[in-house]
Amino acid sequence: MPSRFETCRRSPLIGGALGLLLMVAGCGTVILNETGSLTRYDRLNGSTEVATGAKLYADQPTLAATRTVRIIPAAFPESISGPGLNSVERRLIANAADRALCYELSLRYDVVSTKKADLTIRSAVTRVELTNVPAAGATIATSAGITIASQLGVGFATAVGRVPIPRIPIGLGSITIEAEALDSRHQQRAAMIWGGGANAFTNQARFSAAGDAYDLAGEFGQDFGTLLVTGRDPFKEPLAIPSWDRIRVTTLGEAPLDPDCEQFGRAPGIDGMVGDYLGLPPEWTDKGPRDTIK
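The sequence shown maps to residues 1 to 294 in full-length UniProt numbering.
Next up, the structure:
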């Protein structure tokens, strides 16, 4: 039976009071369904971090001995989203997961794309709840309206752009992804069922039905990558200040640490940050994976 969560994904930067507000304000529904995309499910255990829906398994000795990994591009069939997302949007969502995952894996392993690897990583989007575009648009419009008012001398002064405000807690998106790492004998060495839901405070509103799923897919990639690199529950890892390499690769869109991660393209960089702030659809700023992906 699938597990259903009405809780929001909690940021480690959010304190208790704001965390309570997130619960009250609303968030995307998270469902951990088992669709059969993994080779086995019997060893997965639920994370004790209740703010995020996740089941996971890690063979720590095997992961510690691993040297090379290969990432199969994530699957996101049309049957999962129906007509609500087009092929470009599905491709960008899947690739956001792959790109974030590749960065995390490059911190420890040699990522390869054409030769045999110690571990092969594969993942699949198994459920998606689309963002309600009118509700997201209303949030963006309200935010812009506050900015215009402030520039006319009403309220507080702002810089250029719009004033970030909590989203209207209606139609917040969510996504569920199943992923595993298989060794050369096709034996499962790590696995995760990950469910994330957008919340009204920390997830940017966009004029796109794919907006929340796109952002959440990147969070999945980071979490699953952390599991594979450390062998530990990623939701229990201590908060760390981002390194310069992380900032320049994942935020500024510079070259990845491992050249083989180029197959998933680069982060949108400054264009992406501006697009996020304005609520633009992901496809306006993200070029997606390189066409060389097979």
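Glycine included, each C-beta is placed from N, C-alpha and C at the ideal position.
Just so it is clear, the structure is predicted and the values come from calculations on it, not from any experiment.
Taken through DSSP and simplified to helix, strand or coil, Lys236 comes out as helix. For Ala191 and Thr230, the gap between their C-alpha atoms comes out near 13 Å.
The beta carbon of Ala124 sits closer than 6 Å to those of Ser37, Ala75 and Glu178, all from its chain and outside the five residues before and after it, given in chain order. Just so you know, the alpha carbons of Ala213 and Phe220 end up roughly 10 Å apart. With contacts defined by Cβ atoms closer than 7 Å, Arg99 and Phe264 form a contacting pair. By a beta-carbon distance limit of 8 Å, Pro268 does not contact Thr250. Their separation comes to about 10 Å. Contact check for Ala209 against Leu130 passes: the beta carbons are separated by less than 7 Å.
Beta bridge pairing from DSSP links Ser174 with Glu129 and Gly197. Comparing C-alpha distances from Arg122 to each of Met273, Lys287, Asp258 and Gly225 shows the shortest one belongs to Gly225.
With respect to the 7 Å criterion, Ala217 and Ile93 are classified as neighbours on the basis of their beta carbons. Looking at the backbone, the Cα of Asp59 and that of Arg189 are separated by about 5 Å. Note that the C-beta distance between Val128 and Ile80 is below 7 Å.
For Arg266, there is no enclosing beta strand (DSSP E), as DSSP gives it neither H nor E.
Taking 4 residues as the minimum length, the alpha helix (DSSP H) runs contained wholly in the segment 65-150 are 78-81 and 87-106, in order along the chain. In the DSSP assignment, Lys287 forms no beta bridge with any residue. Of the candidates Pro256, Lys236, Ser243 and Phe207, Phe207 places its Cα closest to the Cα of Gly275. Between the alpha carbons of Gly137 and Ser174 lies a distance of about 18 Å. Judged by DSSP in its simplified three-state form, Leu56 adopts strand. For Leu182, the closest of Thr35, Arg40, Thr29 and Gly28 by C-alpha to C-alpha distance is Arg40. Residue state for Ala210 is assigned as coil, using DSSP reduced to three classes. Taking Leu85 as the centre and dropping the five residues before and after it, the same chain places the C-beta of Ala210 closer than 6 Å to its C-beta, in chain order.
Scanning its chain for C-beta atoms nearer than 6 Å, with the 5 sequence neighbours on each side dropped, one finds around Asp118 the residues Thr66, Arg67 and Thr68, in chain order.
With respect to Gly195, Gly46 sits apart: the two C-beta atoms are not nearer than 7 Å. Close CB contacts of Asp258 within its chain, under the 6 Å cut and outside five residues either way in sequence, are with Ser106 and Val111 (chain order). Excluding the 5 residues flanking it on each side, Thr120 has same chain C-beta neighbours closer than 6 Å at Arg70 and Leu182, in chain order. Cys261 and Glu254 have their C-alpha atoms some 12 Å from each other. In this structure Asp215 is buried. Its beta-carbon is surrounded by 16 or more other beta-carbon atoms within 10 angstroms. Pro289 is positioned such that its CB atom lies closer than 7 Å to that of Asn95. For Val30, the uninterrupted beta strand (DSSP E) segment begins and ends at Val30 to Leu32. If you ignore the 5 residues before and after Asp271, its C-beta comes within less than 7 Å of the C-beta of Thr285, all in its own chain and listed in chain order. According to DSSP, Leu182 shares a beta bridge with Thr120 and Gln188. Going by beta carbons, Lys55 and Leu44 fall inside the 7 Å limit.
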